[in-house]
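Heads up, the working numbering is the position in the sequence shown plus 26, with the first residue counted as 1.
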Amino acid sequence: MSVCLWMAGIRRRVLVHSPRCFLSGVAPFSKQLLLPWGARQLPGWSRLFLDTACQGNFVHVIAKNCQRGQKHQKKPSRLGPPESSWQERLADVVTPLWRLSYEEQLKVKFEAQKKILQRLESYLQMLQRVKVTAAATSKELCCLLHPIIPSPVINGYRNKSTFSVNRGPDGNPKTVGYYLGTWRDGNVVCVQSSHLKNIPEKHNQVAQYYEVFLRQSPLEPCLLFHEGGHWRELTVRTNHQGHTMAIVTFHPQELSQEELCVQKEAIKEFFLRGPGAVCDLTSLYFQESTMTRCSHQQSPYQLLFGEPYIFEGLLGLKIRISPDAFFQVNTAGAEMLYQTVGELSGVNANTILLDICCGTGAIGLSLAQHASQVLGIELVEQAVEDARWTAAFNGITNCEFHAGRAEKILPWLLKSKEGVQPVVAVVNPPRAGLRTSSSLGSSFPCRAKRAPSRPALNLLFHNQAILDAS
């Protein structure tokens, strides 16, 4: 997970001429007003990153640009070393640090964050055409990087897992697990995941019985859309109470509605009264999908049996979660993350909290008691409905949640709050990052009633920079 924070209070745009001077004010990395190299004041900043950075993952952009001129090295095979077992190869891909103790893992991740911070400084210099000084070429970090906060749960912590269907090491196309290899190289192998440390036993149990069902089904799996087949991926969601939601994705191809009903009844019977009943599912969903990913609006999730939602407790709140709604995969880690975000953001009774890509609204709702108002934006309508339900159930009345794209909603939403109160924005975007067109730097009209204690900051960091909850 990655998180961004913006603090609004700048009256005009001022570009940064010293990347180190700018980075010294970034809260996750340094103490406030800690200015190196004799700088006298914090620089104003508003649009440095998002006006000039490429779209997509910012860290990837940094790495790509900083590696220009280096000789291209052939990437190692995604299948892993041939002398290793299939289980070891999969663990190396999904949990690459599994051979190390947790303390050693944290050290490795901390060193990785140091490199990212160094690349960030270099990239800022490239953007601003700043001449690299002797101080900048030193091995010292431009600002303080705090140690990683360890996750309270390190094994079986995932509350959501998605399993693929494809040919296993033995060639059986009805194998449920995770992929090794790449489609480009044509060497994809699906390996069972029961040995992976981050996946709960319950998730693996449901995957195992889904595989049993597939192997007794007369229908073939859908490995490639143009080759036909039907059965596709399985998603499993659980909560701390052990309640389990399973979602089966199915390609209808040319099947009639009557034939589809037969297949839905077959998998329902298997998990309700057949061998799969040992999984004790709280709910089973079925989605017909002709695309790689399909939202509820594009193709509704069909509840075959059980409860329509799963509920999770987080920081004293009861959170409702729909089949396709986003919720952090490490619940205990999410609690620590949100508490840390609250501390860094400085949200108070005079602040409007803007929660962008809010999912079920967990971040905003957990901080609502400290803020004047919470405004959430989320693309998935089901997640917005979950957030509204959660707010009402928990008696939170100072929250609004809006369904739609952030780049379309942000401009008018921010304009409606212009000059009212200081705004703090928390962004937890998908892995590709927030679109540049929805950046606060390009559409932020808010004004602070008083001089801000800090300039507008874009606090961009990986979760490992403050919390290990991956």
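No residue lacks a Cβ here, since even glycine has one placed at the ideal position from N, Cα and C.
Residue from the options whose Cα sits closest to the Cα of residue i
{"i": "Thr-270", "options": "Ser-187, Val-400 and Trp-112", "result": "Ser-187"}
{"i": "Tyr-183", "options": "Arg-263, Val-232 and Phe-239", "result": "Arg-263"}
{"i": "Gly-385", "options": "Thr-308, Phe-189, Ala-429 and Phe-337", "result": "Ala-429"}
{"i": "Ser-504", "options": "Ser-219, Met-362, Tyr-311 and Ile-378", "result": "The structure shown does not extend to residue 504, since the chain spans only 27 to 496, so no value can be given for it."}
{"i": "Gly-254", "options": "Glu-246, Thr-261 and Leu-260", "result": "Glu-246"}
{"i": "Gln-131", "options": "Gly-212, Glu-285, Gln-267 and Pro-173", "result": "Pro-173"}
{"i": "Leu-298", "options": "Glu-369, Phe-239, Ser-282 and Trp-438", "result": "Phe-239"}
{"i": "Ala-418", "options": "Ala-394, Leu-440, Pro-437 and Trp-438", "result": "Ala-394"}
{"i": "Val-406", "options": "Leu-341, Cys-320 and Ile-345", "result": "Cys-320"}
Spatial distance of residue i from residue j (CA atoms)
{"i": "Leu-250", "j": "His-256", "result": "10 angstroms"}
{"i": "Gln-154", "j": "Ser-148", "result": "10 angstroms"}
{"i": "Phe-136", "j": "Gly-300", "result": "48 angstroms"}
{"i": "Glu-166", "j": "Arg-145", "result": "13 angstroms"}
{"i": "Pro-199", "j": "Thr-423", "result": "51 angstroms"}
{"i": "Val-503", "j": "Ala-117", "result": "The question about residue 503 has no answer here: the residues shown for the chain are numbered 27 through 496."}
{"i": "Trp-124", "j": "Ser-371", "result": "33 angstroms"}
{"i": "Ala-389", "j": "Leu-363", "result": "The question names Ala, but residue 389 in the sequence shown is Ile. Whole-angstrom Cα-Cα distance: 9 angstroms."}
{"i": "Ser-243", "j": "Arg-258", "result": "13 angstroms"}
{"i": "Asn-265", "j": "Pro-334", "result": "14 angstroms"}
{"i": "Gly-339", "j": "Gly-268", "result": "12 angstroms"}
{"i": "His-229", "j": "Thr-308", "result": "13 angstroms"}
{"i": "Leu-286", "j": "Asn-213", "result": "32 angstroms"}
{"i": "Met-152", "j": "Pro-437", "result": "30 angstroms"}
{"i": "Val-373", "j": "Val-453", "result": "14 angstroms"}
{"i": "His-221", "j": "Glu-369", "result": "37 angstroms"}
{"i": "Gly-497", "j": "Phe-296", "result": "Not covered by the structure: residue 497. The range shown for the chain is 27 to 496."}
{"i": "Ser-325", "j": "Glu-129", "result": "44 angstroms"}
{"i": "Ala-233", "j": "Arg-210", "result": "26 angstroms"}
{"i": "Ser-282", "j": "Pro-226", "result": "37 angstroms"}
{"i": "Val-134", "j": "Cys-248", "result": "39 angstroms"}
{"i": "Gln-447", "j": "Gly-387", "result": "21 angstroms"}
{"i": "Leu-440", "j": "Ile-345", "result": "27 angstroms"}
{"i": "Asn-356", "j": "Ser-177", "result": "9 angstroms"}
{"i": "Ser-219", "j": "Leu-143", "result": "34 angstroms"}
{"i": "Ala-138", "j": "Arg-241", "result": "43 angstroms"}
Neighbourhood of residue i by C-beta distance below 7 angstroms, restricted to the same chain and skipping five residues each side
{"i": "Leu-343", "result": "Leu-391, Ser-392, Thr-416 and Asn-420"}
{"i": "Ala-160", "result": "A caution first: Ala-160 carries a pLDDT of 44, below 50, which makes its placement in the model too unreliable to give a value."}
{"i": "Gln-497", "result": "Look at the range of the chain in this structure, 27 to 496, and you will see that residue 497 is not part of it."}
{"i": "Arg-414", "result": "Phe-427"}
{"i": "Lys-90", "result": "Low confidence applies to Lys-90: its pLDDT is 48, below 50, so where it sits in the model is not reliable enough to give any reading."}
Cβ neighbours of residue i in the same chain (closer than 6 angstroms, five flanking residues each side left out)
{"i": "Leu-380", "result": "Leu-401, Val-449 and Ala-451"}
{"i": "Glu-237", "result": "Val-202"}
{"i": "Ala-360", "result": "Gln-354"}
{"i": "Val-179", "result": "Ala-358"}
{"i": "Tyr-235", "result": "Gly-302 and Cys-305"}
{"i": "Cys-425", "result": "Ala-394, Val-400 and Ala-417"}
Contacting residues, own chain, Cβ-Cβ under 8 angstroms from residue i (five flanking each side not counted)
{"i": "Asn-224", "result": "Val-120, Thr-121, Asn-181, Gly-182, Tyr-183 and Arg-184"}
{"i": "Ala-375", "result": "His-396, Ala-397 and Ser-398"}
{"i": "Val-215", "result": "Leu-105, Trp-112, Asn-192, Arg-193, Gly-194, Pro-195, Tyr-205, Leu-206 and Gly-207"}
{"i": "Gln-231", "result": "Val-304 and Cys-305"}
{"i": "Tyr-311", "result": "Met-271, Ala-272, Ile-273, Val-274, Tyr-327, Gln-328, Leu-329, Leu-330 and Pro-349"}
{"i": "Lys-140", "result": "Leu-167 and Leu-171"}
{"i": "Leu-341", "result": "Glu-361, Tyr-364, Gln-365 and Ser-392"}
{"i": "Ser-110", "result": "Asp-118"}
{"i": "Leu-126", "result": "Val-134"}
{"i": "Glu-284", "result": "none"}
{"i": "His-252", "result": "none"}
Contact test: residue i Cβ vs the ligand ZN heavy atom, cutoff 7 angstroms
{"i": "Cys-305", "result": "Inclusion of the ligand ZN in the displayed structure is not the case, the ligand content being empty and no account of it being possible."}
For residue j and residue i, believed in contact at Cβ under 8 angstroms, the rounded distance
{"i": "Glu-411", "j": "Cys-383", "result": "So it is not a contact: roughly 16 angstroms between Cβ atoms."}
{"i": "Phe-189", "j": "Leu-260", "result": "5 angstroms"}
Is the segment 278–298 touching the segment 306–318 in the sense that three or more CB pairs, one from each, lie closer than 8 angstroms? yes
Taking one C-beta from the segment 426–437 and one from the segment 350–359 each time, how about it: are there three or more such pairs within less than 8 angstroms? no
Inspect the CB distances between the segment 290–303 and the segment 325–333 and report whether three or more fall short of 8 angstroms. yes
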